[in-house]
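Each position in the sequence shown, counted from 1, maps to that position plus 649 in our numbering.
Notes to accompany the following structure.
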Amino acid sequence: MATVRPKVMKALQPDEGRKGVIIEEELELREEDMRTKVLEIVKDVTKKASLAEAHVIVAGGKGLGDIQGFQLIHELAEVIGASVGGTRDVVEAGWLKHEQQVGQTGETVTPKIYFAIGISGAIQHVEGMKNSELIIAINKDANAPIFDVATYGIVGDALEIVPKLIKQFKELSKEKGGEMSYV
């Protein structure tokens, strides 16, 4: 038996010719044979979709400088209706919660659109987002590894570029009467 975290690989197309065999086993287990016991099941009641289920993710890295610079990630995500993610560094700095971390030690995601802003592209982060359908990277360093997996790359200062993106998306939203779908 093998297990794989969700979204690590793309699902194969269904093959109608494949058939499985169900083998039912009778087990003689009693509650007292168990070392653990489920006391309570707590369901997450947050309104936002988890990163693993998000269609659009705006993720930021330490290239945004500080928590004030990182606020641009939240603003852009709000304008386009996206979820917010980030690198391990920003989680460790306290800018985001652990459940918003993308990468090997965080969530593996496959959104339709992934914005990688101020993210260098360390392999640990890339492994968690490389299967996104469209990756848009913004980084000052033209040689940053994130550009190796990006569909589109913008070389420049995220602190200058992201406010312009926010402004453009807001204008588009106004033109469309506030009804925007980016997916």
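Beta carbons: idealized from backbone N, C-alpha and C, even for Gly.
- Here DSSP, grouped into helix, strand and coil, assigns G712 to helix.
- Collapsing the DSSP output to three states places S822 in a helix.
- T759 is a Cβ neighbour of E782, given a cutoff of 9 angstroms.
- For E741, the secondary structure class from DSSP, reduced to helix, strand or coil, is helix.
- Distance from the CA atom of L725 to the CA atom of K746, rounded to whole angstroms, is 18 angstroms.
- In the displayed model, G718 falls within a helix according to three-state DSSP.
- When DSSP reads this structure, S769 sits in no beta bridge, so it has no partner.
- The beta carbon of Q753 sits closer than 7 angstroms to those of Q773, E776 and G777, all from its chain and outside the five residues before and after it, given in chain order.
- I785 sits in a strand when the DSSP states are folded into three classes.
- By a beta-carbon distance limit of 8 angstroms, G767 does not contact G805. Their separation comes to about 11 angstroms.
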